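Colleague: Those protein sequence lines, which keep their order, are chains Y and V.
Heads up: the first sequence at position 399 corresponds to 399 in this note's numbering, and the numbers run straight through without jumps.
If you want this note's numbering, it's the position in the second sequence, counting the first as 1, plus 1000.
Quick reminder that beta carbons are idealized off the backbone N, C-alpha and C, glycines included.
Computed from a prediction, not measured in an experiment: that's the story for all the values here.
There are 2 protein chains.
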Amino acid sequence: MEVGVCKQEMLQKKNAVLVDGVILNGPIMDSKAGEKFVEEACKIIMEEVVQKADDVTEKVCEWQAPETLKQILDLEMRDTGECHQKLLQLCQDVIRYSVKTSHPRFFNQLYAGIDYYSLVARFITEALNPSVYTYEVSPVFLLVEEAVIKKMIEFIGWEEGDGIFNPGGSVSNMYAMNLARYKFCPEIKEKGLSGLPRLVMFTSEECHYSMKKAASFLGIGTENVYFIRTDERGKMIPEELEKQVQRARKEGSAPFLVCATAGTTVLGAFDPLDKIADICEKHGLWLHVDASWGGSALISRKHCRLLRGIHRADSVAWNPHKMLLAGIQCCALLVKDNSGLLKKCYSAEAAYLFQQDKFYDVSYDTGDKSIQCSRRPDAFKFWLMWKALGTTGLEERVNRALALARYLVEEIKKREGFQLLLEPEFANVCFWYIPPSLREMEDGPEFWQKLHQNGPTGALNMFSGSVKLICLPALNLLLSYEKPQGLSEGS
Amino acid sequence: MEVGVCKQEMLQKKNAVLVDGVILNGPIMDSKAGEKFVEEACKIIMEEVVQKADDVTEKVCEWQAPETLKQILDLEMRDTGECHQKLLQLCQDVIRYSVKTSHPRFFNQLYAGIDYYSLVARFITEALNPSVYTYEVSPVFLLVEEAVIKKMIEFIGWEEGDGIFNPGGSVSNMYAMNLARYKFCPEIKEKGLSGLPRLVMFTSEECHYSMKKAASFLGIGTENVYFIRTDERGKMIPEELEKQVQRARKEGSAPFLVCATAGTTVLGAFDPLDKIADICEKHGLWLHVDASWGGSALISRKHCRLLRGIHRADSVAWNPHKMLLAGIQCCALLVKDNSGLLKKCYSAEAAYLFQQDKFYDVSYDTGDKSIQCSRRPDAFKFWLMWKALGTTGLEERVNRALALARYLVEEIKKREGFQLLLEPEFANVCFWYIPPSLREMEDGPEFWQKLHQNGPTGALNMFSGSVKLICLPALNLLLSYEKPQGLSEGS
């Protein structure tokens, strides 16, 4: 342990300042040894993670059950520290038994792959360890966030706007919900919901589960989320929305918000934004679009039509950490209002942090727009990636993901035992795998029960347990060097 | 631009699979060039950030006003990407104009300094880019989180418990508030607050501003936060709490929660937890302790008495990213209940992600405990640091910070023009700097007005604008190699 050695050395020095048994004027640890440790660990990270990132011959994960993995890893934290050699071995093991989300065959989530530029940006911010609330403490990162938000707003099609990066699409949706509520009735900020009529919001049956979480967290209640029926493609049916708004009004409750989805989690469906916007305008409802997954299509001139009407939204959630590979987490809530609504809604006016008489323009301070105090500079990784690839490079990523989805669909149609659920409009490809034993069976309740009981095996669903409906965002094949082989493995 | 080059090369290959004008079976970028870029950038990060981290001769920040900095940095995102050379220069500039929070003279926040081990952990997780919601996708990081939470619970003094890492102490406080509300009335999750009596919570006047943010966000309303008077040291007065609880009951409102603070932001005050716990027990109120700042004292056998009674709390917020230097953000909400309250309160039962019939014990999945969907593995950086330093190494950090505070107090007392506000009990040292022109003036309204108008200059408040009450967490001197000189610079 370097710390102990340092203390010994320091005690021998004549000028040591000792207070309460602690030497104040010595290093708390040997910084040279620390730097060497960082260098050696970086070598391991480069070799074991970065250089193997797109190597399809590597394993996605060396799977171990929880109890076994606990035994393999030395999880216990002890009184005394470990030597650098042991720690480096530990780092190796952590990498070895972790899932490689950059692997071309990582199909578990709505993200995958590696982007070298955003990775560098993240290394920089980890080393600098900033927090973005005031300009004085994060000058570069606040300006970058402002520039990125401005650019994202351009792609949405608003003339002006505001926004904030925050830790996740779920949180973005919460921000929007609270903002809509504040706009509907600003006194709720001070008075709360007690004694008010029941606030009601609308979203589709296929929406992200964060809608329920948000409604519960914000004190609105999950029962006051009215789920609107969707069509066979998973899109919200505008006529059903209209009916439900009227029902809510008749009940004497207070409709305030519609959350449309642009790119649902399972089917990748896009709600018809223009028609929904008409209804929102008619009834004076805030329109939020959860484009956490589908927002990146805005970058593609070819596919941005999926989000037609998004410029009519009051707020948009968009996660560049998904299809654009900016690294978890990189999530923006964007707001059309430019009159300071975000700040008015979220400010707590902490005098010790957000003084109004600083020596620079305090409108650059973002702390009063946020539910967080410390906040990470998530916009930076998107910015550096954007600088590196240009808009055309980002566009190529989106186009590639959707072309891969198209390719996969054609392959599924050709292959025995696979049944396409529906023609995808985005990167989610949903299909059933029907095991040989069921292929001759007639469609009916018994067939579906058996299909659910006998899960398929193979690479495609190695991480999805017994879910028979497999959603494969083609994005996951982004970095695949060869003809995608997921299907042949699954069969 | 590597992307373009690759495309050209691929198009010449015979086996190219072209869909919608996109070549599917080629790399989206040259990975060798990408890896080289990462290596070169890492070299810059090592030289410019890590190796200079504790160099007191470097600048804390090369300050530029917003408009100037915008001109210096090339913020614009264009259609075409930049070459690696330009990007590396950009990285240099970003580092150059950013605040060095690891600098021994960085005094702006309740954190500072560098820890090499947590930095390595952060590099690993950025490279692996995991999200911690299910065991299948984050096996190592979920086990690590479980182990760290268990250990933190031991230090709180609970026999068992639960917890979750989340993006900030403010969010931890929100979690606790919602949990207390759920415990008080589980139906609120579904029904919301509408029609219910006014829920009231109590916290001290000196609490963190996130209390107000949380009350507003959760629909409780800031007016329903009853601020309890504090004594001259900034501690909540238990008798005042008792009075306010009775007042709330008389008003017909529903008291449900007391948020005590262990380590206030400005004065570093610790509320008397034992006496507050008595009142909570008497009235059946949830006791949450916001120990975001002060929690780390639990690690020190010498200073843990500051939090005496914390084992009686129902929930605790504790940020190892502050005094323990784990890196932003590293924040745990810890809960005494071990009957699944956290899960019951936060679950949305998303069938596509948290299936109950997986091939492993799904109790390891944490998604249903969280308000987030994607979540970062923040426990890991604390874990690797703990493994490296041992509990004694962490304890040494705390003891050193408090010894530095003690030393600073003695220096302030000796030095002309400085006036100690109060004897600190923690690492916050609050004092006034009185400029020479005011030193002969009599105490009174005019004196204070002038003191507020004529701010001091110098290193100590170079980032705190015109705040005259300077709070200097001694923590910031942690890595100082020499006799702390902040004071001589300020005078």
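What residues of chain V sit near Y/Ser-296, judged by a beta carbon separation below 7 Å?
Modeller: Position 296 of the first sequence, counted from the first residue, corresponds to residue 296 of chain Y. Result: empty, since nearest Cβ-Cβ is about 14 Å, beyond 7 Å.
Colleague: Going along the segment 187-207 of chain Y in order, which residues come within less than 8 Å of chain V, judged by CB to CB distance?
Modeller: If the cut-off is 8 Å between Cβ atoms, the segment 187-207 of chain Y has Ile-188, Lys-189, Glu-190, Lys-191, Gly-192, Leu-193, Ser-194, Gly-195, Leu-196, Pro-197, Arg-198, Leu-199 near chain V.
Colleague: In chain order, what residues of the same chain have a beta carbon less than 8 Å from the beta carbon of Y/Asn-15, not counting five sequence neighbours either side?
Modeller: Stepping through the first sequence from its first residue, residue 15 of chain Y is reached at position 15. Answer for Y/Asn-15: Asn-25, listed in chain order.
Colleague: Going by DSSP in three states, Y/Phe-107 sits in which element: helix, strand or coil?
Modeller: The count along the first sequence starts at 1 and reaches residue 107 of chain Y at position 107. Residue state, collapsed to three classes: coil.
Colleague: Please state the DSSP three-state secondary structure of Y/Gln-85.
Modeller: Locating residue 85 of chain Y in the first sequence gives position 85, where the first residue counts as 1. In this structure, Y/Gln-85 counts as helix in the three-state DSSP scheme.
Colleague: At least one CB of chain Y closer than 9 Å to the CB of V/Ser-1437: is that the case?
Modeller: As a position in the second sequence, residue 1437 of chain V is number 437, starting the count at 1. Closer than 9 Å: no.
Colleague: Helix, strand or coil for V/Asn-1015 per DSSP?
Modeller: As a first step, residue 1015 of chain V must be located in the second sequence, where it is residue number 15. The answer is coil: DSSP assigns V/Asn-1015 none of H, G, I, E or B.
Colleague: Using CA coordinates, which residue listed in Y/Cys-42, Y/Pro-130, Y/Val-19, Y/Thr-80 is at the minimum distance from Y/Ala-379?
Modeller: Position 379 of the first sequence, counted from the start, is the residue given in the question as residue 379 of chain Y. Cα-wise, what sits closest to Y/Ala-379 is Y/Pro-130.
Colleague: State the beta-bridge partners of V/Phe-1418 as determined by DSSP.
Modeller: For the purposes of this step, residue 1418 of chain V is identified with residue 418 of the second sequence, where counting begins at 1. Bridge partners of V/Phe-1418: V/Tyr-1433.
Colleague: Could you work out which residues of chain V lie near Y/Gly-161, taking near to mean beta carbons separated by less than 8 Å?
Modeller: For the purposes of this step, residue 161 of chain Y is taken as residue 161 along the first sequence, with counting starting at 1. In chain order: nothing, as chain V lies at least about 16 Å away.
Colleague: Below 9 Å on C-beta distance, what does V/Ser-1498 contact in chain Y?
Modeller: Chain V is shown from 1001 up to 1491; residue 1498 of chain V falls before or after that span and cannot be answered.
Colleague: Secondary structure at V/Cys-1259, three-state DSSP: helix, strand or coil?
Modeller: The residue you call residue 1259 of chain V lines up with position 259 of the second sequence. Three-state DSSP puts V/Cys-1259 in a strand.
Colleague: Rounded to whole angstroms, what's the CA-CA distance from Y/Leu-469 to Y/Phe-431? Just pull it up for me.
Modeller: Sequence index remark: in the first sequence, residue 469 of chain Y carries index 469 (1-based). Sequence index remark: in the first sequence, residue 431 of chain Y carries index 431 (1-based). Residue confidence for Y/Leu-469 is low, a pLDDT of 33 falling below 50, so the modelled location carries little weight and cannot support an answer.
Colleague: Mind pulling the chain V residues with CB within less than 7 Å of Y/Trp-386?
Modeller: Against the first sequence, residue 386 of chain Y aligns to sequence position 386. Within chain V, the residues near Y/Trp-386 are Met-1077.
Colleague: Please classify V/Trp-1158: does DSSP put it in a helix, a strand, or coil?
Modeller: Your numbering for residue 1158 of chain V matches position 158 in the second sequence. Coil.
Colleague: Using a Cβ-Cβ cutoff of less than 8 Å, which residues in the same chain neighbour V/Met-1310 once the five nearest sequence positions on both sides are dropped?
Modeller: Here residue 1310 of chain V refers to the residue found at position 310 when the second sequence is read from its first residue. For the sequence presented, residue 1310 of chain V should be read as Ile rather than Met. Closer than 8 Å at the Cβ level, and outside the excluded window around V/Ile-1310, lie Ile-1156, Gly-1157, Ala-1262, Leu-1273, Val-1289, Ala-1291, Leu-1298, Val-1316.
Colleague: Given a limit of 7 Å on CB to CB distance, which residues of the segment 1120-1132 of chain V reach chain Y?
Modeller: So the close ones are Val-1120, Arg-1122, Phe-1123, Ile-1124, Glu-1126, Ala-1127, Leu-1128, Asn-1129, Pro-1130, Ser-1131.
Colleague: Determine, using beta carbons only, whether Y/Glu-123 and V/Cys-1042 come nearer to each other than 9 Å.
Modeller: Here the question's residue 123 of chain Y lines up with position 123 in the first sequence. Here the question's residue 1042 of chain V lines up with position 42 in the second sequence. Strictly speaking, residue 123 of chain Y in this sequence is Phe, with Glu absent from that position. Yes, the Cβ-Cβ distance between Y/Phe-123 and V/Cys-1042 is below 9 Å.
Colleague: For chain Y, check one thing: does any of its Cβ atoms lie closer than 9 Å to the Cβ of V/His-1311?
Modeller: The residue given as residue 1311 of chain V occupies position 311 in the second sequence. Cβ-Cβ to chain Y under 9 Å: no for V/His-1311.
Colleague: Between V/Asp-1020 and chain Y, is the shortest Cβ-Cβ distance under 9 Å, so that the two count as touching?
Modeller: Within the second sequence, the letter at position 20 stands for residue 1020 of chain V. By this cut-off, V/Asp-1020 is an interface position.
Colleague: So which residues on chain V does Y/Glu-82 lean against when the C-beta distance must stay under 7 Å?
Modeller: Here the question's residue 82 of chain Y lines up with position 82 in the first sequence. What Y/Glu-82 touches in chain V: Lys-1387, Ala-1388.
Colleague: For V/Cys-1280, list the residues DSSP reports as bridge partners.
Modeller: Locating residue 1280 of chain V in the second sequence gives position 280, counting from the first residue. Bridge partners of V/Cys-1280: none, in fact.
Colleague: Go through the segment 1023-1106 of chain V residue by residue and report every complete run of the alpha helix (DSSP H) that reaches 4 residues or more, in order.
Modeller: Runs found: 1031-1045, 1066-1072, 1084-1096.
Colleague: Just list the beta strand (DSSP E) runs in the segment 323-357 of chain Y, keeping only unbroken ones of 3 residues or longer that don't cross its boundaries, in chain order.
Modeller: The segment 323-357 of chain Y contains these whole beta strand (DSSP E) runs: 331-335.
Colleague: What is the DSSP secondary structure of Y/Phe-463, counted as helix, strand or coil?
Modeller: Residue mapping note: residue 463 of chain Y aligns to position 463 of the first sequence, counting from 1. Low local confidence applies: a pLDDT of 26 at Y/Phe-463 is under 50, so the model's placement there is unreliable, with the coordinate-based value given in what follows. Three-state DSSP puts Y/Phe-463 in coil, outside helix and strand.
Colleague: Rank Y/Trp-293, Y/Trp-386, Y/Ser-370 by C-alpha distance to the C-alpha of V/Thr-1080 and give the top, closest one.
Modeller: Walking along the second sequence from the start, residue 1080 of chain V turns up at place 80. V/Thr-1080 has its Cα closest to that of Y/Trp-386, out of Y/Trp-293, Y/Trp-386, Y/Ser-370.
Colleague: Are Y/Arg-181 and Y/Leu-285 touching if we call contact CB-CB under 9 Å?
Modeller: Along the first sequence, read from residue 1 onward, the residue named residue 181 of chain Y stands at position 181. Along the first sequence, read from residue 1 onward, the residue named residue 285 of chain Y stands at position 285. It is not a contact, given that the beta carbons lie outside the stated cut-off.
Colleague: Give the secondary structure of Y/Tyr-133 by DSSP, where H, G and I count as helix, E and B as strand, and everything else as coil.
Modeller: Along the first sequence, one-based indexing puts residue 133 of chain Y at 133. Coil at Y/Tyr-133, not helix or strand.
Colleague: As a quick exercise: from Y/Glu-126, Y/Arg-397, Y/Arg-78, pick the residue whose alpha carbon is nearest that of V/Val-1050.
Modeller: Taking the second sequence and counting its residues from 1, the one referred to as residue 1050 of chain V is at position 50. For V/Val-1050, the nearest C-alpha among the options comes from Y/Glu-126.
Colleague: Residues of chain V with CB under 9 Å from Y/Gly-327, in chain order?
Modeller: Residue numbering aside, residue 327 of chain Y sits at position 327 when the first sequence is read from its first letter. Ordered by position in chain V, the residues that pass the 9 Å Cβ test against Y/Gly-327 are Glu-1126, Asn-1129.
Colleague: So, is Y/Phe-359 buried or exposed, given that buried needs 16 or more other C-beta atoms within 10 angstroms?
Modeller: Mapped onto the first sequence, residue 359 of chain Y falls at position 359. Answer is exposed; the Cβ neighbour count stays below 16.
Colleague: In terms of residues, what are the limits of the alpha helix (DSSP H) holding V/Phe-1227?
Modeller: Against the second sequence, residue 1227 of chain V aligns to sequence position 227. No alpha helix (DSSP H) contains V/Phe-1227, which is instead part of the beta strand (DSSP E) from 1225-1228.
Colleague: Under 7 Å Cβ-Cβ, which residues of chain Y neighbour V/Gln-1064?
Modeller: For the purposes of this step, residue 1064 of chain V is identified with residue 64 of the second sequence, where counting begins at 1. Neighbours of V/Gln-1064 on chain Y, chain order: Pro-139.
Colleague: Taking C-beta to C-beta, are V/Trp-1318 and V/Ser-1170 nearer than 9 Å?
Modeller: Taking the first residue of the second sequence as 1, we reach residue 1318 of chain V at position 318. Taking the first residue of the second sequence as 1, we reach residue 1170 of chain V at position 170. Not a contact, by the Cβ cut-off of 9 Å.
Colleague: Tell me whether V/Ser-1204 sits in a helix, a strand or coil according to DSSP, three-state version.
Modeller: Walking along the second sequence from the start, residue 1204 of chain V turns up at place 204. Of the three classes helix, strand and coil, the one that applies to V/Ser-1204 here is strand, per DSSP.
Colleague: Within its chain, find whatever has a CB closer than 7 Å to the CB of V/Ser-1347; leave out the 5 residues flanking it on each side and keep chain order.
Modeller: Locating residue 1347 of chain V in the second sequence gives position 347, counting from the first residue. Answer for V/Ser-1347: Asp-1368, listed in chain order.
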